[in-house]
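The sequence shown begins at 8 in the numbering used here and counts up one residue at a time.
Beta carbons: idealized from backbone N, C-alpha and C, even for Gly.
Since we're looking at a predicted model, the values are computed, not measured.
Written out below as structure tokens is the structure these notes cover.
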Amino acid sequence: MSDPSILRLQKELHDLQWNGAPYRFDDKNMKHVHALITGPPHTPYASLRLCVYRLGMFDFVFNIGDDYPQSPPKVNAMTTSNGRVRFNPNIYATEGNDGEKWSAAHGLLSVLVSIQSLLSDNPYHNEPGHEKEKDTSILSSYNAKLVHETLRVSVCDRLEEYMGWKTPDVKVDGLNLTRQFCTCRAKSPFVDVTKNMFLMYKNLYDDIIDTQSKDRKDGTAFYMARFEHPNNRTEGSFQYAAIRKRLSDLQTALLDEPVKWIAESEMWIKNETTTWSNLKSQYEQIKASMRYDTSILIDLEGGNPFAWNLAVIKLPNTYDGGVFRAQMVFHHAFPDVAPRIRFQSEVFHPHVSKDGIPYIRVHRPDNVREYLDALGALFMRDPLTDPTTHLNLGATRMWFGTREMRRDFNRNARRCGQKTLE
Numbered sequence: 008m009s010d011p012s013i014l015r016l017q018k019e020l021h022d023l024q025w026n027g028a029p030y031r032f033d034d035k036n037m038k039h040v041h042a043l044i045t046g047p048p049h050t051p052y053a054s055l056r057l058c059v060y061r062l063g064m065f066d067f068v069f070n071i072g073d074d075y076p077q078s079p080p081k082v083n084a085m086t087t088s089n090g091r092v093r094f095n096p097n098i099y100a101t102e103g104n105d106g107e108k109w110s111a112a113h114g115l116l117s118v119l120v121s122i123q124s125l126l127s128d129n130p131y132h133n134e135p136g137h138e139k140e141k142d143t144s145i146l147s148s149y150n151a152k153l154v155h156e157t158l159r160v161s162v163c164d165r166l167e168e169y170m171g172w173k174t175p176d177v178k179v180d181g182l183n184l185t186r187q188f189c190t191c192r193a194k195s196p197f198v199d200v201t202k203n204m205f206l207m208y209k210n211l212y213d214d215i216i217d218t219q220s221k222d223r224k225d226g227t228a229f230y231m232a233r234f235e236h237p238n239n240r241t242e243g244s245f246q247y248a249a250i251r252k253r254l255s256d257l258q259t260a261l262l263d264e265p266v267k268w269i270a271e272s273e274m275w276i277k278n279e280t281t282t283w284s285n286l287k288s289q290y291e292q293i294k295a296s297m298r299y300d301t302s303i304l305i306d307l308e309g310g311n312p313f314a315w316n317l318a319v320i321k322l323p324n325t326y327d328g329g330v331f332r333a334q335m336v337f338h339h340a341f342p343d344v345a346p347r348i349r350f351q352s353e354v355f356h357p358h359v360s361k362d363g364i365p366y367i368r369v370h371r372p373d374n375v376r377e378y379l380d381a382l383g384a385l386f387m388r389d390p391l392t393d394p395t396t397h398l399n400l401g402a403t404r405m406w407f408g409t410r411e412m413r414r415d416f417n418r419n420a421r422r423c424g425q426k427t428l429e
């Protein structure tokens with residue numbers, strides 16, 4: 008690869024990071040890039056029409072040739088349940104590209120946007136020759152199984168594998184063969200990212216099940232489209248009761264992880280790890296700066312720099328001066344593993360789930376102040392319109408609804424604030 012091409016690729020990777028797109032590349036080979044694409048969320052401003060791939064988590068690999076950007080990268084879909092599930096007629100497990108529409112002006116971000124556009128409400132129309140299908144029963148039946156498989160494969164299977172509950176190995180001729188995620192690594196590079204996404208969106212996954220299970224009874228076989236054939240079909244049946252339990256078990260295990268981190272931190276402190284020194288130093292600098300003395304009370308649990316107790320104070324009238332308590336727990340792999348933040352007080356807010364998980368995004372994951380700033384901003388700024396940040400649909404509808412609905416939001420918010428003072 009020429010020097011100009013390398014500089015171009017380096018700039019594109021930097022732009023991806025700034026745009027918040029989760030990606031990783033091999034330190035020894037920047038031409039091999041992993042990306043995580045999230046299915047589109049709901050739209051809260053009109054009807055809550057279900058998106059087929061709503062908040063699913065899909066892995067892709069980009070292999071970039073030496074003649075890039077004259078030629079497009081080759082893209083592999085990795086989230087396929089060992090090739091048993093095809094989430095879209097135009098998304099392939101084997102390498103493919105969009106060479107006919109490619110120009111050197113395009114880049115990795117434009118490819119990601121193109122893939123995101125394929126995660127549409129009617130993927131049936133992506134199959135050549137079926138672009139004009141208007142039979143709503145066919146479209147809805149095809150969509151329904153993809154909604155189910157998005158939850159089963161891209162969420163449950165993925166996280167159960169991370170927890171060690173499910174093996175990625177495959178059986179060939181009666182023998183179990185170890186299956187690596189990719190030639191460059193055994194597991195997806197987005198383990199921590201997807202764990203945090205799951206905790207944020209778990210309530211929304213439950214909402215999907217509530218909606219879909221009304222019309223799709225467990226045990227009902229999936230619809231088979233006319234263009235599906237034995238080597239290219241998604242077979243199975245609806246099993247929403249099982250998926251609901253799997254989601255619940257995953258949430259219980261992931262919420263328990265910070266408790267285990269605190270227990271394990273005794274050894275990290277004893278060994279005076281680099282992370283221990285880093286967090287201790289950041290805590291001391293934050294306290295010395297007095298920057299948060301009038302907005303967030305900060306203390307270490309038993310002097311442990313891996314466990315921070317927080318209290319957001321002096322809030323606007325919407326929250327009636329409440330004191331909202333939260334805990335921020337760090338792993339010894341910080342900042343590669345993000346801190347887990349959870350409110351212990353009930354918070355009624357579009358960006359906070361019913362289980363107390365806030366939507367937090369930072370540009371410098373090694374800087375603890377950015378997490379504190381984001382936490383305080385939840386209460387001091389109006390909620391964002393970006394639907395991917397909306398974790399509580401009831402609060403979202405009220406905030407972005409009519410004037411009367413906004414009054415209902417304020418009443419709920421004040422009630423939460425008053426409860427913290429009781």
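Extent of the continuous beta strand (DSSP E) to which residue i belongs
i                 : result
proline 312       : 311 to 319
lysine 38         : 36 to 45
phenylalanine 245 : Premise fails: phenylalanine 245 is in no beta strand (DSSP E) and is neither H nor E.
phenylalanine 69  : 64 to 70
methionine 85     : No beta strand (DSSP E) contains methionine 85, which DSSP labels as neither H nor E.
phenylalanine 331 : 331 to 336
arginine 347      : 347 to 350
leucine 304       : 303 to 308
Whether residue i touches residue j by CB criterion (8 Å)
i                 : j                 : result
glycine 226       : tyrosine 326      : no
methionine 85     : aspartate 66      : yes
leucine 261       : lysine 202        : yes
threonine 301     : lysine 321        : yes
leucine 146       : tyrosine 131      : yes
glycine 243       : valine 162        : no
valine 369        : asparagine 399    : no
valine 344        : phenylalanine 331 : no
valine 118        : valine 82         : yes
phenylalanine 337 : phenylalanine 313 : yes
leucine 158       : isoleucine 98     : no
isoleucine 269    : leucine 379       : no
cysteine 58       : aspartate 10      : no
histidine 137     : phenylalanine 234 : yes
arginine 413      : tryptophan 406    : yes
arginine 31       : proline 47        : no
phenylalanine 188 : serine 195        : yes
lysine 38         : methionine 8      : yes
proline 80        : phenylalanine 69  : yes
threonine 280     : histidine 236     : no
methionine 335    : leucine 317       : yes
arginine 349      : isoleucine 293    : no
Supposed close pair residue i, residue j - CB separation, criterion 8 Å
i             : j           : result
proline 342   : proline 372 : 4 Å
valine 40     : valine 92   : Contact doesn't hold; Cβ gap of about 23 Å is too wide.
aspartate 164 : serine 88   : 6 Å
leucine 43    : valine 200  : 6 Å
glutamate 134 : proline 96  : 4 Å
Backbone secondary structure at residue i - three-state DSSP
i             : result
serine 147    : helix
tyrosine 260  : Before going further, note that residue 260 is alanine rather than tyrosine in the sequence given. Alanine 260: helix per DSSP, three-state reduction.
histidine 155 : helix
arginine 93   : coil
cysteine 163  : helix
proline 394   : helix
isoleucine 98 : coil
arginine 251  : helix
tyrosine 30   : strand
aspartate 22  : helix
glutamate 235 : coil
alanine 384   : helix
arginine 223  : coil
serine 12     : helix
alanine 228   : strand
proline 372   : coil
valine 266    : helix
glutamine 17  : helix
Extent of the continuous alpha helix (DSSP H) to which residue i belongs
i                 : result
arginine 421      : 410 to 427
asparagine 285    : 281 to 296
phenylalanine 205 : 198 to 219
leucine 322       : Run containing leucine 322: none; DSSP gives neither H nor E here.
threonine 403     : 400 to 406
Residue i Cβ short of 7 Å to the ligand COA heavy atom set
i             : result
glutamate 353 : Ligands are entirely absent from the displayed structure, and the ligand COA is therefore not among its contents.
- Task: Can you check the stretch 115 to 145 for any alpha helix (DSSP H) of at least 4 residues that lies completely inside it and give the ranges in chain order?
- Result: Counting whole runs of 4 or more residues, the stretch 115 to 145 contains the alpha helix (DSSP H) stretches 115 to 125.
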